[in-house]
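Trainee:
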Amino acid sequence: MTVPAPPTSDADVPRLLDDLGLPGLVDVHVHFLPDNVMDKVWAYFDRAETHYGRAWPIHYRTPVDDRLGALKELGVTAFAPLVYPHKPGMGRWLTEWVTDFAARTDGAVRTATLFPEPDVADYLGAAVSAGARAVKVHVQVGGFDPRDPLLRPAWGLLADAGVPAIVHCGHGPIPGEHTGLDVFGEVLAEHPRLPVVLAHAGMPDFVGALDLVRRHEHVHIDTTMVGTPYSQAMAPLPDDWAARLVDVADRVVYGSDFPNIPYPAYEQVAAVAGWAAADDRLGAGFLRSVLHDTPTRLLGL
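Per my numbering, residue 565 is the first one in the sequence shown, and the count goes up by one each step.
Okay, here's the thing in structure tokens:
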């Protein structure tokens, strides 16, 4: 099957999904947070020129119901609402909040988060028992070492349960004290059965991320912000990116970072469609896999 034309607007994404014979888009990397926390996140991005050296205008800076409507317009039928703490004591609270949010929100799957603290295995275990299908881990924002001994029970719990950790451990958009794929590689070496999604495909170390995927059978990458015009100016992909994906094609999952992106979400779908069209060994089958089949499997839907 020929790769369909990429979408040209958010409203055009369902046309692509229909061309591919897919029932919808499954997004493993979406953010919904308590209003007061989201306001602080957006305030941080308002100062992006100070933090990152370039503006980062939030494209979907709207009330919750409008954001959910935007996802529906995109054809998203299932999504992982991700939350993340930046200090001790927030992990339990945010996990309880997102558990309630997912229970009352159509299309949202249950998720959780973690932080290195004495009770992490307690609240994480409760969330997994309640049906959490993914756990957000933000090494950069949290400013913690993923090798912290306090996290060993949590990593083991997730490995035993087969629940994937969606981990932002790359140096993008700016390095943190404990970011780096080599650092998280030590966690994977200690917990080889741990299912992991390397958020943003390890940006900017895309080649290093693919190396971890090849070395560890339970590691995936997500597409979040990867290859979009905005990100290409900041962290360009290797010229042979599509060819590099051929032997790991079934371990790439769609993620968008909605709503905290400085461009419309269709640009991420178009980027993935471009990879699919760039190498005949990928094609429409790869596009179906990334947008729906692999994230569906990974989230146990």
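Just so it is clear, CB atoms sit at the ideal spot from N, CA and C, and this is done for glycine as well.
Do you know offhand how far residue 676's Cα is from residue 858's?
Mentor: Distance between the alpha carbons of residue 676 and residue 858: 20 Å.
Trainee: Under 8 Å by Cβ, that's how I've got residue 645 and residue 666 pegged, so tell me the actual separation to the nearest angstrom.
Mentor: The pair is a contact, with the Cβ atoms about 6 Å apart (cut-off 8 Å).
Trainee: So which of 734, 784, 755, 772 has the shortest CA-CA distance to residue 802?
Mentor: Answer by Cα proximity: 772.
Trainee: Pull up the distance between the alpha-carbon of residue 660 and that of residue 836, whole angstroms please.
Mentor: If you take the alpha carbons of residue 660 and residue 836, they lie about 33 Å apart.
Trainee: From 571, 575, 606, pick the residue whose C-alpha is nearest to that of residue 826; which is it?
Mentor: Of the listed residues, the one whose Cα sits closest to residue 826 is 606.
Trainee: DSSP beta-bridge partners for residue 676?
Mentor: DSSP lists 699 as partners of residue 676.
Trainee: Using beta-carbon positions only, say whether residue 735 and residue 761 come within less than 8 Å of one another.
Mentor: Contact: no.
Trainee: Identify whether residue 858 lies in helix, strand or coil by the three-state DSSP scheme.
Mentor: Of the three classes helix, strand and coil, the one that applies to residue 858 here is helix, per DSSP.
Trainee: Applying the 10 Å Cβ sphere with the 16-neighbour rule, what's the burial state of residue 698?
Mentor: With 16 or more other Cβ atoms within 10 Å, it is buried.
Trainee: Let me make sure I understand the geometry here. Which of 567, 635, 721 has the alpha-carbon closest to that of residue 821?
Mentor: It is 635 whose Cα lies nearest to the Cα of residue 821.
Trainee: Excluding the 5 residues preceding and the 5 following residue 655 in the sequence, name in chain order all residues of the same chain whose CB lies nearer than 7 Å to its CB.
Mentor: Closer than 7 Å at the Cβ level, and outside the excluded window around residue 655, lie 649, 677, 678, 679, 681, 684, 687.
Trainee: Less than 7 Å between the CB of residue 767 and some heavy atom of the ligand FAD, yes or no?
Mentor: Absent from the structure shown: the ligand FAD. Ligands present: none.
Trainee: Considering only C-alpha positions, which residue in the set 846, 861, 804, 696 is nearest to residue 567?
Mentor: The option with the nearest alpha carbon to residue 567 is 846.
Trainee: Here's a check: name, in chain order, each residue in its chain whose Cβ is nearer than 7 Å to the Cβ of residue 792, leaving out the five neighbours to either side.
Mentor: These residues qualify, in order along the chain: 827, 831, 832, 835.
Trainee: Under 7 Å Cβ to Cβ from residue 853, same chain only, skipping five residues before and after it: list those, please.
Mentor: Counting only Cβ-Cβ distances below 7 Å, and skipping sequence neighbours, we find 813, 814.
Trainee: Rounded to whole angstroms, what's the CA-CA distance from residue 641 to residue 595? Just pull it up for me.
Mentor: Approximately 15 Å between the Cα atoms of the pair.
Trainee: Could you give the uninterrupted runs of the alpha helix (DSSP H) lying entirely in the stretch 644-675, keeping only those of 4 residues or more?
Mentor: The stretch 644-675 contains these whole alpha helix (DSSP H) runs: 654-667.
Trainee: Note down the Cα distance separating residue 723 from residue 708, rounded to an integer number of angstroms.
Mentor: Spanning the two alpha carbons is a distance of roughly 20 Å.
Trainee: Hey, residue 574 and residue 643 are a contact pair by Cβ (cut 8 Å); roughly how many whole angstroms apart?
Mentor: With a Cβ gap of about 15 Å, residue 574 and residue 643 do not count as contacting.
Trainee: Along the chain, which unbroken stretches of the alpha helix (DSSP H) at least 4 residues long are found entirely within the stretch 575-631?
Mentor: If we require 4 residues or more, the alpha helix (DSSP H) runs fully inside the stretch 575-631 come out as 577-584, 599-610, 612-615.
Trainee: Output the distance between the C-alpha atoms of residue 811 and residue 621, rounded to the nearest integer angstrom.
Mentor: Spanning the two alpha carbons is a distance of roughly 36 Å.
Trainee: Check the DSSP bridge columns for residue 762 and list the partner residues they point to.
Mentor: 731, 785, per the DSSP bridge assignment.
Trainee: Which residues in the same chain as residue 840 place their Cβ atom closer than 7 Å to its Cβ, once the five residues preceding and following it in sequence are excluded?
Mentor: Around residue 840: 567, 846, 847, 848, 850, 851.
Trainee: Check the C-beta distance from residue 817 over to residue 786 and give it rounded, since I have them as a contact under 8 Å.
Mentor: Confirmed, Cβ separation roughly 5 Å.
Trainee: With DSSP as the reference, identify every bridge partner of residue 817, one or two as the case may be.
Mentor: Answer is 786, bridged to residue 817.
Trainee: Quick one: what does DSSP say residue 822 is sitting in, helix, strand or coil?
Mentor: It is a strand residue.
Trainee: So if DSSP puts residue 640 in a beta bridge, which residue, or which two residues, is it bridged to?
Mentor: Answer is 589.
Trainee: Measuring CA to CA, which of 856, 862, 842, 865 is closest to residue 580?
Mentor: Of the candidates 856, 862, 842, 865, the one whose C-alpha sits nearest the C-alpha of residue 580 is 856.
Trainee: With H, G and I counted as helix, E and B as strand and the rest as coil, what does DSSP make of residue 865?
Mentor: Residue 865: coil per DSSP, three-state reduction.
Trainee: Buried or exposed for residue 700, going by 16 or more other Cβ atoms inside 10 Å?
Mentor: It is buried - the Cβ of residue 700 has at least 16 other Cβ atoms within 10 Å.
Trainee: Using DSSP with H/G/I as helix, E/B as strand and the rest coil, what is residue 573?
Mentor: Here residue 573 sits in coil by DSSP.
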